[in-house]
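Q: Quick note on numbering: our numbering labels position 360 of the first sequence as 536, and the sequence is numbered without any gaps.
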Amino acid sequence: MRVRFAPSPTGALHIGGARTALYNWLMARHAGGTFVLRVEDTDRERSTPENVGQILDALRWLELDFDEGPILQSERAERHAEVLRTLEEGGHTYHSTATAQDVRAYKDRHGAEWGFRGEPEADGAIRLRVPEGATVVHDLIRGDTTFAHEHLDDPVIARADGSVLYNFAVAVDDLDAAITHVVRGEDHLSNTPKQLLVLAALGADQPAYAHLPLLHGPDGKKLSKRHGAASVQELRERGFLPEAVRNYLALLGWGDTDDETIVSTDDLVRRFTVERVSRNPARFDVDKLRWMNGRYLRELGEEELTRRLEAYTGRDGLRPSVVIAQEKIQTLADFWPLAGFLHDGPADDPSARERWLDEEGRAALAEVREALATLDAFDAPSVEAALRGVVERRGVKAKQVFQPVRVAIAGTTVSPGIWESLAVLGRDEALSRIDGALGQAVRIA
RNA sequence: GCCCCCAUGGUCUAGCGGUCAUGACGCCGCCCUUUCACGGCGGAGAUCGUCGGUUCGAAUCCGACUGGGGGUACCA
């Protein structure tokens, strides 16, 4: 099996493209085949080297390694010209100066359902002669789809200057790369007969096809940069893990008879078959990805999670705070807002201070300060015992004591466990923050 | 307009002629509990887009319609 991923570098790699890449990669790894990367950069206006770099970057981050390529379509111009000549010599093409308007006029005359047939001219663009009959696309996901040739326009396969167009180039490139399975988005289904016609004119065998349903945004509209985390780049910035993204994307449009939702990449490779890909378009649901990402995050283990968090935040010495914060975050991006106070001091949340550092709260806080100052060991169990002692002595609800302490050291009402946090801070820092809160609160009051 | 694809709770998905229609996210409740989470338990939520047909029996097969999507470029 030889499959390929053939993005056009007209922007960042979006999750739709990422999923297509993933499915191709899974197929190749499942079958022990070859995964080829080809860059379709023949769009002279929109393709840029920076975009090519972005795509390679995205694939690297997703850990979808390719075995051959990247093949640049733009570097195959000579070969394309050669094949074009073969087609001309075989009488499969003709020159035509007919424009889009001419095609429309033709349909006005003959009926909208009839494909355009031009008259051969001395020069102009090159059109492929569509023969009589029909072309059947045998799709691994959708079954057979028949396209009657009479509805198909004679497609332009090369410009007047000889530069070739997409439907011609893909066919030739897939043929030359000996691609056995063409797996791509459903937006290509309607163009497949044109490519099949090129192959037929060349007398070549056709590869197997599989057209994946398209991905939509959360609002059901087409996915774009405007809607949610649409690009791979953005997913990375928002703190998602590549392994979670692979799992999520694999299940977005593919299902097993098995009910498992968390499926490791190894298992995906083992179980994935393109025949089981769904025919329905799917919506990208960030909430489900977040949930899944949290699952993966916690499975990483403290050491590895710390490594990733340090790489993500660019900070060192995070291990202790990672340990106490890990069960409360779903993405790498969630970490700092939750646990940053352990490193950079309390956050500033006036409404939290107002709510918890009132007279009552300050009194509790002062008593906590006493208890903590005289503690022998300053570890989580000891701190907990001390705080609970204060609760008991004051005869109040636990939160009447704990929340003021939380606000004092974190600045907000949301944080990791309170005694774990105190222990991570250490006695000196903890007392100093409590003192700070007491002083500050007094000034406010 | 023309050609093509698709249709199971809000979202993803199982189902392949006979099930109380599966599981997950999300949502609600309870438990756990120092906040928020995590975890556990339970719940609400689907006339299987509509209509017709085939059949003793249709989510499952056929057709029409409706809705959504894609293509229709000298873009990819």
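Beta carbons: idealized from backbone N, C-alpha and C, even for Gly.
Given the structure is predicted, the values throughout are model-derived calculations rather than measurements.
By a C-beta neighbour count over all protein chains shown, 10 Å radius and 16 as the cutoff for buried, is Ala553 buried or exposed?
A: Taking the first sequence and counting its residues from 1, one reaches residue 553 at position 377. Exposed: under 16 other Cβ atoms inside 10 Å.
Q: Please list the terminal residues of the continuous alpha helix (DSSP H) segment that includes His357.
A: Counting from 1 along the first sequence, the entry for residue 357 is found at position 181. Run containing His357: none in the alpha helix (DSSP H); it sits in the beta strand (DSSP E), 357 to 361.
Q: Based on Cα-Cα distance, which residue from Ala310, Glu251, Leu263, Asn343 lies nearest to Thr368?
A: Position 192 of the first sequence holds residue 368. Of the listed residues, the one whose Cα sits closest to Thr368 is Asn343.
Q: May I ask you to list the residues that DSSP assigns as paired with Arg303?
A: In the first sequence, counting from the first residue as 1, residue 303 sits at position 127. Beta-bridge pairing links Arg303 to Tyr270, Val332.
Q: Consult DSSP for Gly533 and reduce its assignment to one of helix, strand or coil.
A: Counting from one through the first sequence, the residue named residue 533 turns up at place 357. This sequence places Leu at residue 533; Gly is not what is there. Correct three-state label for Leu533: coil.
Q: Whose CA, out of Thr321, Ser597, Ala380, Ala276, lies closest to the CA of Pro331?
A: What you label residue 331 is simply residue 155 of the first sequence in a count that begins at 1. The residue with the shortest Cα to Cα distance from Pro331 is Ala276.
Q: Count the C-beta pairs between the stretch 341 to 356 and the stretch 201 to 215 that are closer than 8 Å, then say yes if the count reaches three, no if not.
A: In this structure the stretch 341 to 356 lies against the stretch 201 to 215, because at least three pairs of beta carbons, one per stretch, are closer than 8 Å.
Q: Could you tell me how far apart the beta carbons of Ala194 and Leu238 are, in whole angstroms, since I believe they sit closer than 8 Å?
A: Reading the first sequence from its first residue, position 18 is the one you call residue 194. Reading the first sequence from its first residue, position 62 is the one you call residue 238. Contact holds; Cβ gap of about 6 Å.
Q: Under 8 Å, with one C-beta from each stretch per pair, do the stretch 409 to 423 and the stretch 431 to 443 reach the 3-pair mark?
A: yes
Q: Report buried or exposed for Ile620, applying the criterion of at least 16 other Cβ atoms within 10 angstroms of its Cβ.
A: Within the first sequence, the letter at position 444 stands for residue 620. Any reading at Ile620 needs caution, since the residue's pLDDT is 48, under 50, leaving its predicted position unreliable; the model's value is listed next. Looking at its Cβ environment, which holds fewer than 16 other Cβ atoms inside 10 Å, Ile620 is exposed.
Q: Three or more C-beta pairs under 8 Å: does that hold for the stretch 498 to 516 against the stretch 568 to 584?
A: no
Q: Going by DSSP in three states, Arg178 sits in which element: helix, strand or coil?
A: Mapped onto the first sequence, residue 178 falls at position 2. Strand.
Q: With a Cβ-Cβ cutoff of 8 Å, do Ala188 and Gln230 count as a contact?
A: As a first step, residue 188 is located in the first sequence; it is residue number 12 there, counting from the start. As a first step, residue 230 is located in the first sequence; it is residue number 54 there, counting from the start. Closer than 8 Å, so yes.
Q: Just mark Gly415 as buried or exposed, buried being the case when its beta carbon has 16 or more other beta carbons within 10 Å.
A: Taking the first residue of the first sequence as position 1, residue 415 is located at position 239. Buried.
Q: Could you check whether the stretch 303 to 312 touches the stretch 356 to 375, counting it as contact only if at least three pairs of C-beta atoms, one from each stretch, sit closer than 8 Å?
A: yes
Q: Can you tell me the Cα-Cα spacing of Ser558 and Leu601, whole angstroms?
A: Looking up residue 558 in the first sequence gives position 382. Looking up residue 601 in the first sequence gives position 425. So the alpha carbons of these two residues sit roughly 14 Å apart.
Q: Helix, strand or coil for Asp241? Go by DSSP, reduced to three states.
A: In the first sequence, counting from the first residue as 1, residue 241 sits at position 65. Three-state DSSP puts Asp241 in coil, outside helix and strand.
Q: Pick from Arg531, His387, Glu436, Ser597: whose alpha carbon is nearest that of Asp320?
A: Translated into the one-based positions of the first sequence, residue 320 becomes position 144. Scanning Arg531, His387, Glu436, Ser597 for the CA closest to the CA of Asp320 turns up His387.
Q: So Val346 is in the alpha helix (DSSP H); what residue range does that whole segment cover?
A: Mapped onto the first sequence, residue 346 falls at position 170. Its alpha helix (DSSP H) spans residues 342 to 352.
Q: Report the residue from Thr489, Arg446, Ile505 whose alpha carbon sits nearest the alpha carbon of Trp152.
A: Lying outside 177 to 621, the shown extent of the chain, residue 152 is not represented and no answer is given.
Q: Anyone know if the C-beta pair for Leu235 and Ala197 falls short of 8 Å?
A: Along the first sequence, one-based indexing puts residue 235 at 59. Along the first sequence, one-based indexing puts residue 197 at 21. Taking 8 Å as the Cβ cut-off, Leu235 and Ala197 qualify as a contacting pair.
Q: Taking only runs of the alpha helix (DSSP H) that begin and end inside the stretch 253 to 298, which ones reach a length of at least 4 residues, in chain order?
A: 253 to 265, 276 to 286
Q: If you run the structure through DSSP and keep just helix, strand and coil, what is Leu391?
A: Start at 1 with the first residue of the first sequence, and residue 391 comes out as number 215. It is a strand residue.
Q: Can you tell me where the beta strand (DSSP E) with Gly319 in it begins and where it stops?
A: Residue numbering aside, residue 319 sits at position 143 when the first sequence is read from its first letter. DSSP places Gly319 in the uninterrupted beta strand (DSSP E) bounded by 319 to 324.
Q: Roughly how many angstroms separate the alpha carbons of Ala539 and Thr589, rounded to a whole number?
A: In the first sequence, residue 539 corresponds to position 363, counting from 1. In the first sequence, residue 589 corresponds to position 413, counting from 1. About 18 Å.
Q: Taking the Cβ atom as the reference point for each residue, do Ala377 and His271 lie within a distance shorter than 8 Å?
A: Stepping through the first sequence from its first residue, residue 377 is reached at position 201. Stepping through the first sequence from its first residue, residue 271 is reached at position 95. Taking 8 Å as the Cβ cut-off, Ala377 and His271 do not qualify as a contacting pair.
Q: Would you report the Cα separation of Arg178 and Ser591, rounded to the nearest angstrom?
A: What you label residue 178 is simply residue 2 of the first sequence in a count that begins at 1. What you label residue 591 is simply residue 415 of the first sequence in a count that begins at 1. The alpha-carbon atoms of Arg178 and Ser591 are separated by roughly 51 Å.
Q: Taking DSSP as the reference, what is the three-state secondary structure of Ile610?
A: Sequence index remark: in the first sequence, residue 610 carries index 434 (1-based). In this structure, Ile610 counts as helix in the three-state DSSP scheme.
Q: Which of the three DSSP states, helix, strand or coil, is assigned to Phe121?
A: Absent from the structure is residue 121, since the part of the chain shown begins at 177 and ends at 621.
Q: Can you list, in chain order, the residues of its chain whose CB lies under 7 Å from that of Arg293, leaving out five sequence neighbours each side?
A: The residue given as residue 293 occupies position 117 in the first sequence. For Arg293, where only same-chain residues beyond five positions count, the Cβ hits under 7 Å are Asp330.
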